[in-house]
Amino acid sequence: MSTVTGKLLGGTGRWFDDRLRGAQITRTWLRKIFPDHWSFLLGEIALYSFIIILLTGTFLTLFFQPSMTDVVYHGSYTTLDGVHMSQAYASTLDISFDVRGGLLMRQIHHWAAILFVAAIACHLLRVFFTGAFRKPRELNWLIGVTMFVLAFTEGLFGYSLPDDLLSGTGLRILEGVLLSIPVVGTYLSFFLFGGEFPGHLIIPRLYVIHILLIPALLLALVTAHLLLMWHQKHTQMPGKARADTNVVGQPFYPYFMAKTGAWFFFIFGITALLSTFAQINPIWIYGPYNPSGISAGSQPDWYMGFLEGALRMWPSWHWNVGGYSFAFNVFVPALVPLGVLITGLAVWPFVEQWITGDRREHHVNDRPRNAPTRTALGMAGVTFYGILWLEGANDIVARFLNISLYLTTEIARYAIFIGPVVAYWVTKRICLGLQRKDNHLLEHGVETGIIRQLPNGEYIEMTKPVSDEMRAVLESRKELPQIAAPDGDDVPAAAARGPVGKLRVSLNRVLNESIPLPHGNGHGNGHAAEPTAVTAGEAHPDGAERADGDGTGT
Amino acid sequence: MSETQPSQDLPEEDGHQSRAPHRVIGTPPPAQARTLLGEAPVSAAPESPRELPAGPDNPAKAQTAEKVVATFFILSMLASIGFIAAYVGLEVGSVDATLRSNLALGLSMSVAFLAMGVGATIWVRNIMPNVEQVEERHVLASGEPEREAFTKTFTEGAEASGFVKRKLLRRTLIAASVPLAVAPLVVLRDLGPLPGTSLRHTVWRKGMRMVVYGPNTPLRAADFSIPGQMITVAPEGYTENQDVLAKAVTIIIKFAPGVLVPNRPGQPGTIMNWTVDNIVAYSKICTHVGCPVALYEQTTHHILCPCHQSTFDATNGAQILFGPAPRPLPQLPIGVDADGFLIATSDFHEPVGPAFWELG
Amino acid sequence: MSWITALRRRPAAGYAVVLLGLVTIGMGYGALTSSGSPASAATPGTVSPQTIAQGKALFQVSCSSCHGMDAQGTSQAPSLAGVGAAAVDFQMSTGRMPGKDVGPEMDRKPVTFTNAQIYAIAQYVASLGGGPTVPSAAQVSSAGANTALGQSLFITDCAQCHNFDGAGGALTQGKFAPALTASTPKQIYEAMLTGPEAMPVFSDTTITPAQKRDIIDYITRLRAEPNPGGFSLGRIGPVTEGIVGFFGGIGVLVFLALWITMKRRES
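Chains as they are written, first to last, in numbering that gives the first Met the number 0: chain A, 0 to 553; chain B, 0 to 359; chain C, 0 to 266.
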């Protein structure tokens, strides 16, 4: 280190340390180990997208006018010259066509929002499928689920701000959903919109929620999320020398700092690349919002699609009694799938803990195949979400894949039940099959591609034992504790009594369904001593012979 | 302990070959130097062993890598300068100009960022020595002595505060907090007016002319005489008022004689008294969640809402054929005035739009 | 080709092959899907008895099998009395007629008749019962049009079927409102005037000729605009944006994440 820089850094460090006593703790932070896996970078996509959104959003607030006052447009986008529109829409057109870099900032902001929610979803699925939500990380999981809900709410309010025809239709649907809520629906709608739809207050109100309230909540929650992760240390994928009692990887300084810095640049770069070459939310094509206008093929942004699909799929059930309307056809699809999804996600760590009775700390991730039931349930959930999502675009699907419009809805109404069941079953069988394959590798080793001819003319393929690293990964399947077995007098354990206990026992059995690891350590595999020469000819069932040419029998 | 994979070819007879791939994606291998990190030793005297290697494993490769990284960083620098130049040099103010500006600014920004990312990644992967370190985790739960000490401090403090023993104190504190907590909710009351009966009515009145929405000119029944015609109309004088339009916008459809199915007791249909010369008027606000339901198919007489595909039969009082809408589109009673212009003869006889609790 | 063998076992080889496959498929698909070419406008000429006779002859050869020898209609196709030259010109200049593959919807197809032939048939059908006439060039020109009014009318009465960008949309029972990308101003006018198939009729007394010009002006201006934000992704909104975001955005980032965290080759 050169003396000038060294003196500067040293002086600065001493200045802070004089006031904070930070040398030891900061050193601990610099040495902190971060494990490496590509899927651990998904959460960072969300984090850095959020920062990009904050930066570009600040730029946009300098030019956007959140007002529904009617103006006549005479700006640079001459196709809409003379058209009546709100100031919000007009200022968005100005940002797009009259502010240098304005369109780019708008597009980066919107693409980053798309990536933000997509990354949260991918990160959520990664954490779910690897069981990283288990003790001690349930709190972080709950914070994450909360941020997921806040993220797509923030997106919904954000893309509604320009007051264009497409997003205004979304607000109209929001009004209809609010109205349908029993007892309080009309009050909620009138309080949100400041009267009848559309009024002149919804855009300024959404603006405040969008630029102040939700970002503040998100900032606080993401800080807590990261602090918890820092304190508890990140989980790690199974591998050699990795255990629940350690964390193996590279130190924060300089390795992780460099990698996460590179990742930030990649995310910003890809977002900017998308914003250069892929047009997003071209509100000038949609036109300003008008309650008498609508377009074929109106969809919300992707993360609201599942709610849109639910609304399209639901039959027109409703109930009028005693002068009151229960609009099941609206408030059930709008709120129930969302409620089921979020509640299911939120309670899952605790449900799983109740079923398995597992109260240990977990710091090594599961390979998804090693938790077949959990993975299958997750895929069933993904299928459920996916069918709702596809149905949300059913008129686009009908138009471009030439399927009759009503047929898409009819198919969805059945697929929503059949699909998750099929997905569960198929995923589970795949996981169990992969576990068997792992066992096969452990017992018989890896194929080498080397064919050898035995003296008797038979051809066999040589195998070699799996490497130590791979062995550690393959053997990472853990036995889950069973709910306590009945004692000697056949009295069931306390945890297994009563209808709840019996349910717990049978759920436990289903959740723990897994292929046990092979007996022995995989080298001998219960067989007699290995043949030391090729001529011994003890063929394994798969025709491959263990190749121990050096005669050591390992 | 370290493991190195020999890369030279092994003898053919030997069963151990290193050609079979045994890579597991994403899990790094053991590195050259694996060190066990315990508690950070406080002394960092010069003779204490290094925790990190000083230089790269392969200095020659690192030299090449440094040149590559430097190239990317210079590329990034040039792109950032290009961004500034594009911003200063390229005007906007038309669609074409915006296209050029967006392309130039976006491309330079993308290259600037991506080149930084590529450079930094190559730096980490090729210049920094490959290390793998192990850090011990501690059980997260505090030990029993610490927990007991905490409990002791907490309960002593609770006792000292008098909160536990003094019921009057505690109860009045809670009693004071309740209205204080409720007050912020109460002040939200003026967010909006109470709905009252406003959702039950629109502005349509007897004698109010219908105007073609857009040109806002009134329409004669005689000018709307070709079967298969459909157009959106609005109440005259309210075409700039979005709050009014959100409930009052209406579609009118012209049919050939004999096609409309009249309303009969026990068999809902079109109320013929409310039509003029086989022109029927329906609310354009879908009874599902309020999208304009304007998609009219002349051949099938279906009115389709593009949002969630609720379908109504225009000949039959807009009865529901498919989709999630719960009730037919309300029919607007229409007639003609003295000059032959189409007018409403009253307001809708039921609330328009989505169902709400008090709808009945 | 030994360089391929040498590179085959590199860690990045698998990713390179997948990428190559994706690019090949994408380019192949792009090459195979083609956009239709707009039919040329029929030039109005003078209506002479010979034209009508020629039209009748053409009609009886190509159209009468479905529409009847005197265009009176059969079970397969409606009567053409009173539909007007505009309807004939629209249907034939877009290639929809002569109809093949009778299904819920007649698609735009390559045109099989010359402009003169279409004109002749149109005049013949017009002679059977009048009906809307083919608009002149002045009637469909954008000169002096009120684009703002065109935008308002388009959004209110057209976009619910044809989409705010004219990309088309799904109707019931396999029908669809076609995209407007290939329609000429004359065809747009004629479609509004005659209400082909499921499309409603927008007569000149409801939407005046001037207002029709305004709508045509808006449609043609909108579709001629370049996309300042990049590739248009079909201009249909969040559906394609979401697909690109997931596969283009997250997908590419996953590959980059693999690169950053990949095991280092021991030197």
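Ideal placement from N, C-alpha and C gives every residue a C-beta, glycine not left out. Since the structure is predicted, the reported quantities are computational estimates derived from the model, not experimental observations.
Pull up the CB-CB distance for residue i and residue j, whole angstroms please, since I reckon it's below 8 Å.
| i | j | result |
| --- | --- | --- |
| residue 293 of chain A | residue 158 of chain C | 7 Å |
| residue 191 of chain B | residue 190 of chain A | 4 Å |
| residue 308 of chain A | residue 389 of chain A | 7 Å |
| residue 292 of chain B | residue 329 of chain A | The pair is not a contact, with the Cβ atoms about 15 Å apart (cut-off 8 Å). |
| residue 119 of chain A | residue 45 of chain A | 5 Å |
| residue 244 of chain C | residue 117 of chain A | 6 Å |
| residue 558 of chain A | residue 333 of chain A | This structure leaves residue 558 of chain A out entirely; chain A is present only between 0 and 553. |
| residue 108 of chain B | residue 82 of chain B | 5 Å |
| residue 245 of chain B | residue 43 of chain A | Actually they do not touch by this definition, with Cβ atoms about 44 Å apart. |
| residue 304 of chain B | residue 294 of chain B | 7 Å |
| residue 111 of chain B | residue 160 of chain B | Actually they are not in contact, since the Cβ atoms of residue 111 of chain B and residue 160 of chain B sit about 59 Å apart, beyond 8 Å. |
Which one of the options has the shortest CA to CA distance from residue i?
| i | options | result |
| --- | --- | --- |
| residue 81 of chain C | C:94, C:162 and C:194 | C:194 |
| residue 48 of chain C | C:96, C:126 and C:86 | C:126 |
| residue 118 of chain C | C:54, C:220, C:73 and C:198 | C:54 |
| residue 152 of chain C | C:5, C:208 and C:182 | C:208 |
| residue 438 of chain A | A:461, A:364 and A:514 | A:514 |
| residue 253 of chain C | A:121, A:455, A:295 and A:154 | A:121 |
| residue 278 of chain B | B:345, B:308 and B:341 | B:341 |
| residue 74 of chain B | B:102, B:47 and B:116 | B:116 |
| residue 242 of chain C | A:228, A:279 and A:144 | A:279 |
| residue 145 of chain C | B:214, B:174, B:331 and B:84 | B:214 |
| residue 48 of chain A | A:265, A:128 and A:413 | A:265 |
For a test of the three-state rule: what should DSSP assign to residue i, helix, strand or coil?
| i | result |
| --- | --- |
| residue 280 of chain A | coil |
| residue 287 of chain B | coil |
| residue 127 of chain B | coil |
| residue 83 of chain A | strand |
| residue 301 of chain B | strand |
| residue 168 of chain C | strand |
| residue 432 of chain A | helix |
| residue 104 of chain C | coil |
| residue 135 of chain B | strand |
| residue 311 of chain B | strand |
| residue 145 of chain B | helix |
| residue 272 of chain B | helix |
| residue 250 of chain A | strand |
| residue 14 of chain C | helix |
| residue 163 of chain B | coil |
| residue 569 of chain A | Since the first residue of chain A shown is 0 and the last is 553, residue 569 of chain A is not available in this structure. |
| residue 19 of chain A | helix |
When the Cα atoms are used, what is the spatial distance from residue i to residue j?
| i | j | result |
| --- | --- | --- |
| residue 258 of chain B | residue 157 of chain A | 47 Å |
| residue 149 of chain A | residue 250 of chain C | 24 Å |
| residue 528 of chain A | residue 370 of chain A | For residue 528 of chain A, the predicted model reports a pLDDT of 38, less than 50, meaning its position is unreliable; a value from the coordinates is still stated below. Between residue 528 of chain A and residue 370 of chain A, the C-alpha separation is close to 34 Å. |
| residue 84 of chain A | residue 109 of chain A | 22 Å |
| residue 23 of chain C | residue 93 of chain A | 40 Å |
| residue 342 of chain A | residue 146 of chain A | 14 Å |
| residue 344 of chain A | residue 479 of chain A | 22 Å |
| residue 92 of chain B | residue 95 of chain A | 9 Å |
| residue 361 of chain A | residue 247 of chain A | 15 Å |
| residue 524 of chain A | residue 448 of chain A | Bear in mind that the predicted position of residue 524 of chain A carries a pLDDT of just 42, short of 50, making it unreliable; the figure below should be weighed with that in mind. In a straight line, the C-alpha of residue 524 of chain A is about 22 Å away from that of residue 448 of chain A. |
Could you list which residues in chain D have their beta carbon closer than 7 Å to that of residue i, in chain order?
| i | result |
| --- | --- |
| residue 57 of chain B | Given the protein chain composition of this structure (A, B and C), no chain D is represented. |
field: Runs of alpha helix (DSSP H) wholly within the segment 181-210 of chain C (minimum 4 residues, chain order)
entry: Listed in chain order, they are 184-193.
4 or more residues per run - each alpha helix (DSSP H) lying fully within the segment 138-191 of chain A: With a minimum length of 4 residues, the continuous alpha helix (DSSP H) runs that stay inside the segment 138-191 of chain A are 164-179.
- request: Kindly provide the ranges of any beta strand (DSSP E) runs that are 3 or more residues long and lie completely inside the segment 309-335 of chain A, ordered along the chain.
  value: The DSSP assignment places complete beta strand (DSSP E) segments of no fewer than 3 residues inside the segment 309-335 of chain A at 318-320 and 323-325, in order along the chain.
query: Taking only runs of the beta strand (DSSP E) that begin and end inside the segment 198-261 of chain B, which ones reach a length of at least 3 residues, in chain order?
result: Complete beta strand (DSSP E) runs here, min 3: 209-211, 229-234 and 249-253.
field: Secondary structure, beta strand (DSSP E): runs of 3+ residues fully inside the segment 59-123 of chain B
entry: Taking only runs of at least 3 residues, no beta strand (DSSP E) segment lies wholly in the segment 59-123 of chain B.
task: Scan the segment 67-133 of chain A and note each continuous alpha helix (DSSP H) run of 4 residues or more that stays entirely inside, going in chain order.
output: Listed in chain order, the complete alpha helix (DSSP H) runs (minimum 4 residues) inside the segment 67-133 of chain A are 86-97 and 101-128.
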